[in-house]
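These notes concern the structure reproduced below.
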Amino acid sequence: MSSAAVLEKPPVTAPAPLPPSLPGRPTAGAAAPITLRVDRLNLSYGTKQALFDVSLDIIERKVTAFIGPSGCGKSTLLRCFNRMNDLVDGVRLDGRVLLGGQDIFAPAVDVIELRKRVGMVFQKSNPFPKSIYENVAYGLRIAGVTSKSQLDEVVERSLQRAALWDEAKDRLHDSALGLSGGQQQRLCIARAIAVEPEVILMDEPCSALDPIATAKIEELIVTLREQFTIVIVTHNMQQAARVSDRTAFFYLGKLIEYADTGDIFTRPANPQTEAYVSGRFG
Amino acid sequence: MSESHLTQSTNPGTRLRQIFRRGDHLLWMSGGAMGLAMLLIAGLLGLVFVSGFTYFWPHEVTAADRADGTKLLGRITDQQPGHRDAGGQVIKTAQIQFRIGNRELYGFDFVWVPTAELGNFRTLPDVVQLERQEYGDFLGFLKRVESADGARVEGPAGWDLLLSRQPVARELAARASRLQRDDIGAVNYQIQKAKLRLTVAQRRAGPNGRVPSELQGAVDAELSRLNADYERLRAESAALLKQATAWQAVFTTIDGQEKKVPLASIVRAFRPNAMTVTEKVRHYLSRAAEFVYGEPRESNTEGGVFPAIFGTVMMTILMSLVVTPFGIVAAFYLREYAKQGPVVRIVRIAINNLAGVPSIVFGVFGLGFFVYFIGGGIDRMFFPEMLPTPTFGTGGILWASLTLALLTVPVVIVATEESIAAVPRGAREGSLALGASKFQTILKIVLPASVPGILTGVILAMARGAGEVAPLMITGVVKLAPEMPFDAHFPFLHLDRKFMHLGFHIYDVGFQSPNIEAAKPMVFTTTLLLIGIVILLNLAAIRLRDRIRKKYQTGVF
Chain P
1271 MSSAAVLEKP PVTAPAPLPP SLPGRPTAGA AAPITLRVDR LNLSYGTKQA
1321 LFDVSLDIIE RKVTAFIGPS GCGKSTLLRC FNRMNDLVDG VRLDGRVLLG
1371 GQDIFAPAVD VIELRKRVGM VFQKSNPFPK SIYENVAYGL RIAGVTSKSQ
1421 LDEVVERSLQ RAALWDEAKD RLHDSALGLS GGQQQRLCIA RAIAVEPEVI
1471 LMDEPCSALD PIATAKIEEL IVTLREQFTI VIVTHNMQQA ARVSDRTAFF
1521 YLGKLIEYAD TGDIFTRPAN PQTEAYVSGR FG
Chain Y
69 MSESHLTQST NPGTRLRQIF RRGDHLLWMS GGAMGLAMLL IAGLLGLVFV
119 SGFTYFWPHE VTAADRADGT KLLGRITDQQ PGHRDAGGQV IKTAQIQFRI
169 GNRELYGFDF VWVPTAELGN FRTLPDVVQL ERQEYGDFLG FLKRVESADG
219 ARVEGPAGWD LLLSRQPVAR ELAARASRLQ RDDIGAVNYQ IQKAKLRLTV
269 AQRRAGPNGR VPSELQGAVD AELSRLNADY ERLRAESAAL LKQATAWQAV
319 FTTIDGQEKK VPLASIVRAF RPNAMTVTEK VRHYLSRAAE FVYGEPRESN
369 TEGGVFPAIF GTVMMTILMS LVVTPFGIVA AFYLREYAKQ GPVVRIVRIA
419 INNLAGVPSI VFGVFGLGFF VYFIGGGIDR MFFPEMLPTP TFGTGGILWA
469 SLTLALLTVP VVIVATEESI AAVPRGAREG SLALGASKFQ TILKIVLPAS
519 VPGILTGVIL AMARGAGEVA PLMITGVVKL APEMPFDAHF PFLHLDRKFM
569 HLGFHIYDVG FQSPNIEAAK PMVFTTTLLL IGIVILLNLA AIRLRDRIRK
619 KYQTGVF
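In the order they appear, the protein sequences are chains P and Y.
Quick note: the first sequence uses the working numbering, first residue 1271, plus one each step.
Quick note: the second sequence uses the working numbering, first residue 69, plus one each step.
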């Protein structure tokens, strides 16, 4: 009974076969369900093209890492998945991104519904200048949840899942801006998972953090993989190697290679990939 | 080269170059400009403070003899030194200014007397100064106090009697005037309303129709009852007044004239040369309190400014209530929704330039648009029975507030736009990424974060609006408002009424009063009060801003 404007949950039926042009090699579990499918996506800012004919599949409940030198289009692609690029003037794109089989760029799609299903954590932690509690409850409040007990429950569960509960439970009503950088970033993760998205996009979530905070976030990513599909953009190749199951290497707006992380780092098929992961350029 | 490069050069040319390179000259210049600005502001405030604060202090009164044998009694208010040219010829004689008071006897408050003509300066302890209901101050000596039934008391006993009877007489007179203003005023109001009912019925019936007889009868009965009330109250008030004026004091001036003053018309009687410091302080406080809480007397040059304080505060608050939402909504549209392009840029430039339009032009616009067009329209639609007497179609506190709101809206728009732009992009994106709509993001993230900046704009707008006079003069401010815009008659808040304003009061007392020289200190005191009120209003807004800032950091929004 839902209208076309609301995205459907992914159908149980098997996904359409991969287009033959995909540069990826099949993963270990080739029949793994696909959450997001990018199909020949081209994107340009004004006259400058940022993505060239990118196609790839994001597999459900896996961590997919996008790596590549600055300006290679990996963040741009990530921001297509929840249509944050809509906020930028002069963006043109063609091609499709399918979430559960439905094109998210279709005119009938409700962006707000899409963003509830595809959460995002930003490079610079951006907690709202409200209390810790209100930060986590924000997504539910704007969706119209008013029940105090329900909010309490979700806030506690989300903070626990984001490994922040023990540090924050005594100061839930203090300002979130009083947290340390790493705690703020985990709060942003808690805020994102509070609305139960299917996919969490992470745009260089650790680039502003110290090694200890980074290690905590990485640990968190590994545990969150059990419930969420995670796409992470990172500059840090060790990080990609540590946390991800699949890795996509981008260069100058093109997807160069997409495979299991182990393969990308140990036996890359493409010489460019090999040069990049071995630190010879980038 | 043996000299180390780390030590400063002793060559003056090199040192000068170094000074210029470091920018020391610019630092000194900007520091000097800042210092000059501070000095000017401090000087202005200092002048206002000194002149404003000393107004109520009882000053010594000096008696002197003139060369022609006449005597002079008054307070020395100014002195001018004489000048001679190189040949010893007098160009300008030295002069002393006396404030002699007794305006009804001498015709003026102040005299300039050549210093050479004066001699035998003395301070007489028994000089009496009266602050009176009319004619300004009186200076003289008490002869006796007498009552209507022939009782006479002289000497020190007379002074004591004067001091003890005067408050009683004042109270009686005040009761009489209250009776006149409040009770008789209420009766008049009801009479007016009853008559209006008749007019409305007449109008409804048409030119040839007749008013229904039962209505005519009811109104007649009510009118006769009200008229009886009116007569009774008037008699009561006249009796009170008679009682109040039963006692009067007889004074002699220094040149021997005799003057009778009813005790009820004496506001304060004191002997300035015989007062102790404690008495002077008490006198000062009593006058200062009257100034703040009292009604004006003597065409505003004496008494209090309470109606003007009230009008200023109420107008400023009304203005803020209008300008804040209006400015915020306009700024949010401009910044968040309008498509940024040449049109928006032109609109923005136009808004900024509005601040440069002379305020009197806003006044003229307010008169034409608010008063005549909207006010006149309201009158024709809702108050046709009152025409041709306008209700809203004339200047009033509402129209003045709206005009000032228009004048100050650019300040709020600019401040709001700037504080919206300062909200970090991350906060917006974070909200949008959680599935909030643009409207929800604005309402829950952007607006609360920009509230402190918006309130700063409102504070600036309030300060600007509270000090503005020119547009008010043609949209509703009057020299003396018979009624306050807020009183006990339904609907309590009378937005159509004219009002008094401290800024206009300063202009009126300082430049339009019949006795400018005597009113000069009053101008300073009123200025001081206006500055104080603006500061108070600002402090209130700053407190509000800090509280909101704190709440927004932690609380639920």
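In this text, a Cβ means the ideal position worked out from N, Cα and C, and glycines have one as well.
Note that the structure is predicted; figures quoted are calculated from it, not measured.
Asked, Found
"I need the DSSP call for residue 1337 of chain P, collapsed to helix, strand or coil.", "strand"
"So what does DSSP say about residue 130 of chain Y, is it helix, strand or coil?", "strand"
"Which class does residue 509 of chain Y belong to by DSSP, given the choice of helix, strand or coil?", "helix"
"Using the Cα positions of residue 484 of chain Y and residue 617 of chain Y, report the straight-line distance between them to the nearest angstrom.", "15 Å"
"Taking 8 Å as the CB-CB cut-off, is residue 518 of chain Y touching chain P?", "no"
"Report the rounded CA-to-CA distance for residue 579 of chain Y versus residue 279 of chain Y, giving the unit in angstroms.", "52 Å"
"Measuring only the C-alpha atoms, how far is residue 242 of chain Y from residue 354 of chain Y?", "17 Å"
"Could you check which residue in P:1313, P:1377 and P:1381 has the C-alpha nearest to that of residue 1360 of chain P?", "P:1313"
"Can you tell me whether residue 592 of chain Y is buried or exposed, with buried defined as 16 or more other CB within 10 angstroms of its CB?", "buried"
"What residue does the beta strand (DSSP E) around residue 1356 of chain P start on, and which one ends it?", "Per DSSP, residue 1356 of chain P belongs to no beta strand (DSSP E) and is neither H nor E."
"Give a yes or no on contact between the region 558-575 of chain Y and the region 373-383 of chain Y, applying the rule of three or more CB pairs nearer than 8 Å.", "yes"
"Run down chain P in chain order and give the residues with a C-beta less than 7 Å from the C-beta of residue 513 of chain Y.", "1398"
"Pull up the distance between the alpha-carbon of residue 1295 of chain P and that of residue 1507 of chain P, whole angstroms please.", "Caution is warranted here: a pLDDT of 46 is assigned to residue 1295 of chain P, below 50, making its placement in the model unreliable, and no coordinate value can be reported."
"Do we get a CB-CB distance below 8 Å when we pair residue 1414 of chain P with the residues of chain Y?", "no"
"In the structure shown, what three-state DSSP assignment does residue 1298 of chain P receive?", "Residue placement at residue 1298 of chain P cannot be trusted, given a pLDDT of 46 that sits under 50; what the coordinates show is reported in the next sentence. In this structure, residue 1298 of chain P counts as coil in the three-state DSSP scheme."
"To the nearest angstrom, how far is it from the Cα of residue 1522 of chain P to the Cα of residue 1548 of chain P?", "18 Å"
"Report yes or no: is there a C-beta of chain P within less than 8 Å of the C-beta of residue 498 of chain Y?", "yes"
"Please list, in chain order, all residues of the same chain as residue 1410 of chain P whose beta carbon is under 8 Å from its beta carbon, the five residues on each side excluded.", "1420, 1421, 1424, 1464 and 1465"
"Beta-carbon separation of residue 363 of chain Y and residue 374 of chain Y under 8 Å?", "yes"
"Could you pull the start and end residues of the alpha helix (DSSP H) that residue 542 of chain Y belongs to?", "From DSSP, residue 542 of chain Y is part of no alpha helix (DSSP H); its letter is neither H nor E."
"Would you be able to state if there are at least three C-beta pairs under 8 Å between the region 174-182 of chain Y and the region 206-218 of chain Y?", "no"
"Does the beta carbon of residue 489 of chain Y come closer than 8 Å to any beta carbon on chain P?", "no"
"Report the rounded CA-to-CA distance for residue 1358 of chain P versus residue 478 of chain Y, giving the unit in angstroms.", "29 Å"
"Considering only the alpha carbon of each residue, which of Y:153, Y:491 and Y:128 lies closest to residue 144 of chain Y?", "Y:128"
"So, for residue 1352 of chain P: in the same chain, excluding its five sequence neighbours on each side, which residues have a beta-carbon less than 7 Å away from its beta-carbon?", "1384, 1385, 1388, 1390 and 1471"
"Among all the DSSP beta bridges, which residues are the ones paired with residue 273 of chain Y?", "BP columns for residue 273 of chain Y are empty, so no partner."
"Do the CB positions of residue 337 of chain Y and residue 198 of chain Y come within less than 8 Å of each other?", "yes"
"Using a Cβ-Cβ distance cut-off of 8 Å, determine whether residue 1540 of chain P contacts chain Y.", "no"
"With a threshold of 6 Å on Cβ separation, who are the neighbours of residue 1327 of chain P within its own chain once the five nearest residues in sequence on each side are excluded?", "1304 and 1307"
"Which runs of the alpha helix (DSSP H), 4 residues or longer, sit entirely within the region 1481-1510 of chain P?", "1481-1494"
"What residue ranges within the region 428-487 of chain Y form continuous alpha helix (DSSP H) runs of no fewer than 4 residues, ordered along the chain?", "444-450"
"Ordered along the chain, which non-local residues of its own chain (more than five positions away) have a Cβ less than 7 Å from that of residue 439 of chain Y?", "461, 462, 463, 467 and 543"
"Check whether chain Y comes within 8 Å of residue 1408 of chain P, counting only Cβ atoms and requiring the distance to be less than that.", "yes"
"Helix, strand or coil for residue 201 of chain Y? Go by DSSP, reduced to three states.", "coil"
"Write down every uninterrupted run of the alpha helix (DSSP H) in the region 1369-1429 of chain P whose length is 4 residues or greater and which is fully enclosed by it, in chain order.", "1381-1387 and 1402-1412"
"Going by the CB atoms, is the gap between residue 1503 of chain P and residue 1340 of chain P shorter than 8 Å?", "no"
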